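Residue numbers (my numbering): 10 to 100.
Please read the structure below before turning to the comments.
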Amino acid sequence: MIYVIISVSLLISTLVSVLILKKSGHKMVSMLSAFCLNTLMLIIATLGLYSINDEARAIGFGHSGLYMLIVTIPIVTWINFIILQFVKRIS
Numbered sequence: 010m011i012y013v014i015i016s017v018s019l020l021i022s023t024l025v026s027v028l029i030l031k032k033s034g035h036k037m038v039s040m041l042s043a044f045c046l047n048t049l050m051l052i053i054a055t056l057g058l059y060s061i062n063d064e065a066r067a068i069g070f071g072h073s074g075l076y077m078l079i080v081t082i083p084i085v086t087w088i089n090f091i092i093l094q095f096v097k098r099i100s
């Protein structure tokens, strides 16, 4: 479930940032939007899963595996930045 959320976050943020790059032409604006969108989606998913998961609330946040969503924010953002480097060459 966590890997699906990470993959969907990567897909959506990549699509939105590429669309912003093609419309505005500013790479920094598209990179900032990718970072903000990744952060927003993964933190909302973490909080949502934490509120649903009784075991995570009883045992603790670190033992539930939900910390992976927060740890992957820079990794997914970095992958977005790499993808955005190739978009300019294609278009």
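Where is the CB? At the ideal position from N, CA and C, for every residue including glycine.
Since the structure is predicted, the reported quantities are computational estimates derived from the model, not experimental observations.
In the DSSP annotation of this structure, the continuous segment of the alpha helix (DSSP H) that includes L28 starts and ends at I11 to S33. Secondary structure at F70: coil, using DSSP grouped into helix, strand and coil. Distance between L24 and I52, taken at the CA atoms: about 19 Å. A direct Cα-Cα distance of roughly 22 Å separates S26 from T55.
F44 counts as buried, since at least 16 other C-beta atoms from the protein chains shown sit within 10 angstroms of its C-beta.
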